[in-house]
Each structure stands twice: as structure tokens, then as C-alpha cells.
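Visitor: I'd like to ask you about the structure that follows.
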Amino acid sequence: MNERQNHTTGQDMSVTVIGLGPMGQAMARTLLTAGHPVTVWNRTAARADGVVADGATLAATPGEAVEASDLVILNLTDYQAMYDILGSAAASLAGRTLVNLSSDTPDRSREAATWAAGHDATFLTGGVMVPAPMVGTEAAYVYYSGRGHVPESHLAALALLGTPKHLGEDPGLAQMMYQAQLAVFLTTLSGLMHATAMLGTAGMKAEEALPELLSFTDSIGDILRAGEENPGTALDAGDHPGDLSTVTMMGATSDHIVETSTSLGLDLALPLAVQAHYRHAIENGHGSDNWTRIIDTIRGPR
């Protein structure tokens, strides 16, 4: 068995991790714990000290890192960083599986897949949906998409990081799902901070407010499921039955939030954005429809 084959067989298969922020470090340690030899590289070499102490091998150059393994995992700031780092190592990509777990746009993910294919590499886009401390736990899951055959040994190694959820061959789809999930996450975080600020003006400390607010956010999924057995079915059919909560009712609530926030001197960016969705739906004659009708405005002209 030659050296290249040894990289791609069994639990001892070597894996390269490029980019050693908290996420990259967590992945390297998870793979090491599972028995995989791990080679790492990072632009700031000192960030590798911890995982090297745990058993990883530090490559001197990106090219050396790529050549050490047939499975190369990237955890970088964006996709441009991939080109900056791997540009000098492009000749070594042929035959390898390149898994980019960096955040960027779906279009840039598709462009990257084309670039990798041009160097005879298999490319997977990935979106990790948990923070670094949860990598490798039962709660971790990762969305993937991309064309080309990925060896079973590579898929087994990736499954160690989190339950893989394959979305299809479109290299941009996993990135789209990642961005969609974070759209929910980030707006929820902003909503939580806005609500905490509101309650703070009445003298309630965050340690009192947040437990109540978080309890409510935990229940939102159940609230939505109570209104529809299979959430999204009515949306797909273009139905917006207003028998439970109408655009007008929810819009009035958004008006009250804007008025309260104004009187408290809070930033209005978030409540005004929400209010605009309902006002547009009402202006378009959909006040009696379900609140889901606001998706028309969000989708934009079609």
C-alpha cells in the first residue's frame, strides 16, 4: 500500500484542518480523539500550539498541509481566504476532497466549486450549525452540498464533527441553508437584546429578563406547529388563512412596539423593519390574511 492510499483508508486516515480559530481547533481535537492523524496549518502559527500539544502535526506551508491528507477541511473567515491560502498549493489539490466550512455567499460557494473542479478536486460546501464547544457532540449537525464522489472514509470522518445533512448537488445550497438559519438566529439575538433593553428601562435587570425571554423563544416552534401540522405546507400552496392571527392584528402589535420603543428612546431599526412588513401587506389589501402574508414583501417583486 503506497503512502497516498494510507491517507484514505480506515479510522487512521489522515485529515488536514486549515484555519485554527475556535471552530477549527474544536474539529482538530475531535478528529484526534477519534484516532485520526491530523495535520494543521494556520496563518498565525501560534494558534496551532494547543492542538499540536494534543497530537496534531503542524505543516510549514499550505502546500505541505494539503499534501498530508486526502481530506482537507477549511475553517476560514471567508472564501477569499481559501484562494489566498491555497493559491500556491493548487497543484496539490488533484484527487483530494476539499470541504469548505467557511461562511460566505451561495454564489461564492458555487464559484469555489468550479475553481476546485478546475484543479481536479472534489468540493463540498458545509455549514456548521453549532458553536465550537458543541462540535463532535450529539447535538452537532452540519449541512453539506456539492457534486462529485466523496469516499465513505471521508464521510465517516466528517460525521465525527456532527450529524451530516446532505442537501444535494448544488454547491450553494448548504451555504444558503447556513445563511437562512443564521438569519433566524441573528434576528432572534437582536430581538432578545431589544426586549432586554425595553425591560431594563423599567428597572428589570438582564438576569431577570433573559430567563423569561428565553423561555418564550423556546416555545415559538411549538406555537407555530400548533397552527399547522406541517409548517410550510400552506405557504407552498400560497394559502394564508387568517383564522388564528391576521396581518392587521400582528401589524397593530408591531405599531405598539414601535411606539413603546420610541417613548423609551431605544434604537428603532429592528421594530421599524418588522412594522414595515405588516404595513406593506396591509397596503396591498391582505390585512385579513394570516401573518405569513408578509413573505410577499420579503420576497420582493416577482
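When we follow my numbering, the leftmost residue of the sequence shown carries the number 3, and every step to the right adds one.
Yeah, the Cβ is synthetic: ideal placement off N, Cα and C, and Gly gets one too.
Note that the structure is a prediction, hence the values are computed from the model and not measured.
1. Can you tell me whether Leu194 is helix, strand or coil according to DSSP?
2. Evaluate contact between the segment 165-180 and the segment 236-247, counting only Cβ atoms and requiring at least three cross-stretch pairs below 8 Å.
3. Among the residues of its own chain, which have a CB less than 8 Å from the CB of Gly57, if the five just before and after it don't count?
4. Quick check: Ser111 and Leu78, are their CB atoms within less than 9 Å of each other?
5. How far does the alpha helix (DSSP H) with Thr235 in it reach, from first residue to last?
6. If you draw a straight line from the alpha carbon of Val74 to that of Thr99, how long is it in whole angstroms?
7. Excluding the 5 residues flanking Leu212 on each side, which residues of the same chain have their C-beta closer than 8 Å to its C-beta?
8. Bridge partners for Pro166 per DSSP, in chain order?
9. Quick check on the burial criterion: 16 or more other C-beta atoms within 10 angstroms. Buried or exposed for Phe125?
10. Kindly indicate the opening and closing residues of the beta strand (DSSP E) around Gln270.
11. The alpha helix (DSSP H) spanning Leu34 covers which residue range?
12. Mapping the DSSP letters down to three states, classify Ala74 as helix, strand or coil.
13. What is the DSSP secondary structure of Leu226, counted as helix, strand or coil?
14. How would you call Tyr146, buried or exposed, if buried means at least 16 neighbouring beta carbons within 10 angstroms?
15. From Ala96 to Ala142, what does the alpha carbon distance come to, in whole angstroms?
16. Just the C-alpha distance for Leu268 and Met200, rounded to the nearest angstrom, thanks.
Guide: On the basis of the supplied data:
1. In this structure, Leu194 counts as helix in the three-state DSSP scheme.
2. With a cut-off of 8 Å, the segment 236-247 and the segment 165-180 do not count as touching, because too few Cβ pairs lie within range.
3. For Gly57, same chain residues with a beta-carbon under 8 Å away, outside a window of 5 residues either side, are Leu34, Val40 in chain order.
4. Cβ atoms of Ser111 and Leu78: not closer than 9 Å.
5. Segment 235-239, the alpha helix (DSSP H) holding Thr235.
6. So the alpha carbons of these two residues sit roughly 6 Å apart.
7. Within the same chain, Cβ atoms closer than 8 Å to the Cβ of Leu212 are found at Leu194, Thr198, the five residues on either side in sequence being excluded.
8. Paired residues: Val144.
9. Classified as buried, Phe125 has 16 or more neighbouring CB atoms from the shown chains inside 10 Å of its CB.
10. One detail in the question is off: residue 270 reads as Leu in this sequence, not Gln. In the DSSP assignment, Leu270 falls outside any beta strand (DSSP E), carrying neither H nor E.
11. From DSSP, the alpha helix (DSSP H) with Leu34 extends over 24-35.
12. Note on identity: in this sequence residue 74 is Val, with Ala being the wrong assignment. Looking at Val74 - three-state DSSP - the assignment turns out to be strand.
13. Of the three classes helix, strand and coil, the one that applies to Leu226 here is helix, per DSSP.
14. Under a 10 Å Cβ-count criterion, Tyr146 is classified as buried, with 16 or more other Cβ atoms of the shown protein chains found around its own Cβ.
15. Straight through space, the alpha carbons of Ala142 and Ala96 are spaced by roughly 30 Å.
16. Taking the straight line joining both Cα atoms gives about 8 Å.
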